[in-house]
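In this text, residue positions in the sequence shown follow the UniProt record's numbering: the first is 1, and each later residue adds one. Glycine included, every Cβ here is placed at the ideal spot set by N, Cα and C. These figures come from a predicted structure and were not determined experimentally. To keep things clear, I will list the structure first and then write my remarks on it.
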Amino acid sequence: MRLHHARAAFDCHNLLGEGCNWNALDQSLWWTDIEGKCVFRWDDNGKVAAVRQLPSRAAFVFPRARGGFVLGFPKSIVITDPTFTDFSQVAEIEPHLAQTRVNDAAIDPYGGIVLGTYNEQTREPVGGVYRIASNGEVIKLFSGVAAANGLAFSPDGRIMYFTDTTEGTIRRFAVAPQFAGLAEIGPLAGPNIAPGSPDGATVDIEGGYWSARLRGGCVVRIDRNGHLTDRVDMPTMAPTCVALGGEDLRALFITSRRARQSSDELLRFPESGNLFRVEVGQAGRTPFSCRV
């Protein structure tokens, strides 16, 4: 197994950094600090960051092919302009469930967004996973979810990955053409494949699944056959999300959190909450375009 060591790229001390993704349009990394109610942009060439405050917590931010961005607020999906000043709702998510909020999400091969919810109050699996089509139509894909995470797609778009962090199995689904349906197939890996619990994820051009291991202090790569091939050791116990980007798409970016970490842990790992970066051998794929 190949071993890597991540280093801080940007000292941002996020409370809950999440939803990082590489934007091919501006060659930058975008992510959110959910509890800080803001969006970050990291220019990897200039080594500079920009921050925008938001009116609400956002679990993800995706650039739109038509300009502007899509944001995942706790109970709604909204479109905003490039300056993050005007917001219009596209869809409402689980308005009948006061205990859930929008959590992890991924752009699918057909330009839609697949997202899942998170029960903020208990571990009861009352949430679900949904798809928002490019025309704004919302379809519920499945239910029984407590903490949706790890959403990602294979390079050819035929397989969708998903994990419920509270349970830990990395599940796989066959995606029908034009996203006409899903069929669950055998899991990629069980909960004990690596330390900690699976959080955010991305897939490289070879089909390797990179999983941030919350409370495990690492990110691991699992190949298409379910074997561990790489481990990235972190200067934090709480990596939250990952994205492959940079000039050659071989830089692995990793967000992290400070919220819900003990004072002793923050003393041991003072860089918790920062954005981290490490060069890896496998390149990412060109991001799918969001047409919502």
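The residue among P63, F69, K37, A65 with its C-alpha nearest the C-alpha of R57 is K37. Taking a contact to require three or more Cβ pairs closer than 8 Å, the stretch 199 to 206 and the stretch 239 to 255 qualify as touching. Between the stretch 43 to 54 and the stretch 17 to 28 there are three or more inter-stretch CB-CB distances shorter than 8 Å, so the stretches are counted as touching.
Across the set A174, N192, G196, the C-alpha of A174 shows the shortest separation from the C-alpha of G186. For S256, the enclosing beta strand (DSSP E) has its first and last residue at 251 to 256.
Between G208 and G284, the alpha-carbon positions lie close to 9 Å from each other.
When DSSP states are grouped into helix, strand and coil, P74 belongs to the coil group. Per DSSP, R268 is one residue of the alpha helix (DSSP H) stretching across 263 to 268. Within the DSSP secondary-structure output, T100 pairs in a beta bridge with N119. Of A194, F253, S262, the smallest CA-CA separation from T229 is found for A194. Sequence-distant partners of A65 (beyond 5 residues in either direction) whose C-beta falls short of 8 Å from its own C-beta, in its chain, are G111, S289, C290, R291. Residue environment analysis places E92 among the exposed positions, since fewer than 16 neighbouring C-beta atoms fall within 10 angstroms of its C-beta. Between I254 and V219, the C-beta gap is smaller than 7 Å, which places the two residues in contact. By the criterion of a C-beta distance shorter than 8 Å, P55 is surrounded in its chain by K37, F87, once the five residues flanking it on both sides are discounted. Residue environment for R172: buried (at least 16 other C-beta atoms within 10 angstroms of its C-beta).
Excluding sequence positions up to five before and after F84, its CB lies within less than 6 Å of the CB of R52, all in the same chain and listed in chain order. Residue pairing by DSSP places R215 opposite no residue, since no beta bridge is assigned to it. Annotated three-state conformation of Q282 is coil, per DSSP. Beta-bridge pairing by DSSP links I34 to no other residue. Nearest to A8 by C-alpha distance, out of S211, V278, G136, T286, is V278.
Judged by DSSP secondary structure, K140 falls within the beta strand (DSSP E) whose first and last residues are 138 to 145. For the 7 Å CB-CB criterion, G17 and T165 do not form a contact. Of E137, C12, W22, the smallest CA-CA separation from T286 is found for W22.
Secondary structure of P95 (DSSP, three-state): coil.
When DSSP states are grouped into helix, strand and coil, Q178 belongs to the helix group.
Within a 10 Å sphere around the beta-carbon of T163 sit 16 or more other beta-carbons, which makes this residue buried.
Here M234 is not bridged, per DSSP, to any residue.
Within the DSSP secondary-structure output, P125 pairs in no beta bridge. In the same chain as L182, and ignoring 5 residues on each side of it, the C-beta atoms closer than 8 Å to its own belong to L141, F142, M160, F173, A174, V175, A176, in chain order. Here the alpha carbon of V48 sits roughly 8 Å from the alpha carbon of F10. At a Cβ-Cβ threshold of 7 Å, A146 and R123 count as neighbours.
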